[in-house]
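Chemist: Numbering (the working numbering), first residue to last: 13 to 469. Starting off with a structure, shown below.
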């Protein structure tokens, strides 16, 4: 049996390879005080040696090696065949008949293996399996050897075994007596190499022995084994000499590295590496607190106000950064104050647009007014308008609502037919709901029947 002390050794961490020199972990190069005259950097330390194996992933780190040995113990279960020919007949016991061994038995044992190649090895095993035969205690045992073929490429290694040995039983004569038979065995399994020395192993075996009566052929016994082993003979890690790189440059010796130092030749303070009172852009914010140190700015961060006129249009899109945009539906995205073109002021109520009575058909005398509207929209291509139709209160309200919508649509269609994009115009039928004058007089009703233009914001 393999001693418990060997197993403890297996799981102990492997000793680190000796380094030819030493480097203090986490040591920092000395930093010169601000204003120091010396800019000499300390010489690099001795070479640092690193294990090549540490750079590998675990799955590749502990793959099997040639010329190694494995010492292990295992435990598991054995399922004896019911017609297993392990039985010693005794003539002095005329009532003794054949007794089968128990259905399942525990198993424990040890093994020794030698692997001249990473893909091939030889092993010897011995184990015991306490069981019973009709209530009488019995102990099965085995001694065997086998060839191991394994796919030794990774720390997790599948393998197969084939071998031969002996399978026996020891028990009182009243049970099955003492007997031993030759055996063959086949198996599959997997090994997991956990470290330089520690390894777990799982085996599934088929043990082939004589069937009861000897001449009746062979029978099969199944084993499931879980073991732990120590690995001996691995090569020592090859050390990789690696020169420690020189410390990063700090030309002015102020503790701020050159790559981060904005005043590379003048000793300063962190984080900029510039003198503490420096205000490059003269905006009253020291460079150490100025988010835009090269551009004059305002509170809170020292950067320029991107919308000084508070019109919601930011620089550089604001063409008038000091003057607020006039939100009137006319060129509202350039950031400049402006007025709606006078042409649209004249078109607010379209005087001179006439329709046939109770219809949405434009009369010919409407042409001049509508052509003026076409000219205004063509001149100011960014303007969008709403065209609304209105009626007096005479007649049915629903009819008036529909009629006013159709008349607004008729005006829009005229404009579209004369080259104005449909997307620039919206229509609405207001019916009698927005009168300009009283509907009690014919003059008032005439004023209320109208078409209006409104510039959209």
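Backbone N, C-alpha and C fix where the C-beta goes; we use that ideal spot for every residue, glycine too.
Using a Cβ-Cβ cut-off of 6 angstroms (strictly less than) and excluding sequence neighbours within five positions of residue 224, which residues of its own chain qualify?
Modeler: The residues are 95 and 97.
Chemist: Could you say which of 301, 195, 117 and 425 lies nearest to residue 154 if we only look at CA atoms?
Modeler: That would be 195, whose Cα lies nearest to the Cα of residue 154.
Chemist: Would residue 441 and residue 401 be called neighbours here (beta carbons separated by less than 9 angstroms)?
Modeler: Yes; because the gap between Cβ atoms is below 9 angstroms, this pair is in contact.
Chemist: Please confirm whether residue 238 and residue 200 have their CB atoms less than 9 angstroms apart.
Modeler: No; because the gap between Cβ atoms is not below 9 angstroms, this pair is not in contact.
Chemist: In this structure, how does DSSP classify residue 460 when only helix, strand and coil are distinguished?
Modeler: DSSP places residue 460 in helix when its eight states are reduced to three.
Chemist: Compute the distance between the beta-carbons of residue 283 and residue 268, then report whether it is under 9 angstroms.
Modeler: Yes, these two residues count as a Cβ contact at 9 angstroms.
Chemist: Check residue 381 in the structure and name its three-state DSSP category.
Modeler: Three-state DSSP puts residue 381 in a helix.
Chemist: Beta-carbon within less than 8 angstroms of residue 431's beta-carbon, same chain only, minus the 5 sequence neighbours each way: which residues are those?
Modeler: Within the same chain, residue 431 has close Cβ partners 386 and 390.
Chemist: Using the C-alpha atoms, what's the distance from residue 271 back to residue 132?
Modeler: C-alpha separation (whole angstroms): 56 angstroms.
Chemist: Is residue 116 buried or exposed, if buried means 16 or more other CB atoms sit within 10 Å of its CB?
Modeler: Flag for residue 116 reads exposed.
Chemist: Buried or exposed: where does residue 409 fall if 16 or more other Cβ atoms within 10 Å of its Cβ makes it buried?
Modeler: It counts as exposed.
Chemist: Which of helix, strand or coil does DSSP assign to residue 70?
Modeler: Of the three classes helix, strand and coil, the one that applies to residue 70 here is helix, per DSSP.
Chemist: Is the separation between the beta-carbon of residue 190 and that of residue 93 shorter than 9 angstroms?
Modeler: Cβ distance not < 9 angstroms, so residue 190 and residue 93 don't count as in contact.
Chemist: Could you have a look at residue 465 and say whether DSSP puts it in helix, strand or coil?
Modeler: Of the three classes helix, strand and coil, the one that applies to residue 465 here is strand, per DSSP.
Chemist: By the three-class DSSP mapping on this structure, what secondary structure does residue 416 have?
Modeler: In this structure, residue 416 counts as helix in the three-state DSSP scheme.
Chemist: What first and last residue would you give for the beta strand (DSSP E) that runs through residue 137?
Modeler: Where residue 137 is concerned, the enclosing beta strand (DSSP E) stretches over 132-145.
Chemist: Could you compute how far the alpha carbon of residue 146 sits from the alpha carbon of residue 120?
Modeler: Going by the C-alpha atoms only, they are around 22 angstroms apart.
Chemist: For residue 45, count neighbouring C-beta atoms within 10 Å of its own C-beta (all shown protein chains included) and say buried if the count is 16 or more, exposed if not.
Modeler: Legend: pLDDT at residue 45 = 42, less than 50; position of this residue unreliable, value from coordinates given subsequently. The residue in question, residue 45, is exposed, as its Cβ has fewer than 16 Cβ neighbours within 10 Å.
Chemist: Tell me which residues share the same chain as residue 434 and place their Cβ nearer than 6 angstroms to its Cβ, disregarding the 5 neighbours each side in the sequence.
Modeler: The answer, listed in chain order, is 428.
Chemist: Can you tell me whether residue 200 is helix, strand or coil according to DSSP?
Modeler: Three-state DSSP puts residue 200 in a strand.
Chemist: May I have the straight-line CA-CA distance separating residue 219 from residue 235, to the nearest angstrom?
Modeler: So the two alpha carbons sit approximately 8 angstroms from each other.
Chemist: Closest to residue 221 by C-alpha separation, out of 281, 164 and 156, would be which residue?
Modeler: Measuring from the Cα of residue 221, the nearest candidate turns out to be 156.
Chemist: If residue 444 and residue 404 are in contact, beta carbons under 8 angstroms, what's the gap, nearest whole angstrom?
Modeler: That pair is a contact at about 6 angstroms.
Chemist: Leaving out the 5 sequence neighbours to the left and right, which residues in its chain are closer than 8 angstroms to residue 451 when beta-carbon positions are compared?
Modeler: Excluding positions up to five away in sequence, the list reads 404, 405, 406, 444, 457 and 460.
Chemist: So residue 134 packs on residue 159, CB below 8 angstroms; how close in whole Å?
Modeler: Rounded, the Cβ-Cβ distance is 6 angstroms, consistent with contact.
Chemist: Taking just the CA atoms, how far does residue 305 sit from residue 276?
Modeler: In a straight line, the C-alpha of residue 276 is about 16 angstroms away from that of residue 305.
Chemist: Mind checking whether residue 313 and residue 299 have CB atoms under 9 angstroms apart?
Modeler: No, these two residues do not count as a Cβ contact at 9 angstroms.
Chemist: Less than 8 angstroms between the CB atoms is what I'm expecting for residue 243 and residue 82, so what's the real figure, rounded?
Modeler: Going by Cβ atoms, the distance from residue 243 to residue 82 rounds to 6 angstroms, so yes, they are a contact pair.
Chemist: Using CA coordinates, which residue listed in 179, 170 and 415 is at the minimum distance from residue 367?
Modeler: The shortest Cα separation from residue 367 among 179, 170 and 415 belongs to 415.
Chemist: Using the C-alpha atoms, what's the distance from residue 167 back to residue 216?
Modeler: Their backbone Cα atoms lie some 20 angstroms apart in a straight line.
Chemist: Would the beta-carbon of residue 374 fall within 9 angstroms of that of residue 362?
Modeler: For residue 374 and residue 362, no; Cβs fall outside 9 angstroms.
Chemist: So which of 265, 240 and 294 has the shortest CA-CA distance to residue 281?
Modeler: Measuring from the Cα of residue 281, the nearest candidate turns out to be 265.
Chemist: Assuming contact is defined by CB atoms lying nearer than 9 angstroms, are residue 193 and residue 175 in contact in what I supplied?
Modeler: It is not a contact, given that the beta carbons lie outside the stated cut-off.
Chemist: How is residue 282 classed by DSSP in three states: helix, strand or coil?
Modeler: In the structure shown, residue 282 sits in coil (DSSP, three-state: anything other than H, G, I, E or B).
Chemist: Roughly how many angstroms separate the alpha carbons of residue 297 and residue 311, rounded to a whole number?
Modeler: Looking at the two C-alpha atoms, the distance is approximately 9 angstroms.
Chemist: Residue range of the beta strand (DSSP E) that residue 182 falls in?
Modeler: Element bounds for residue 182: 168-182.
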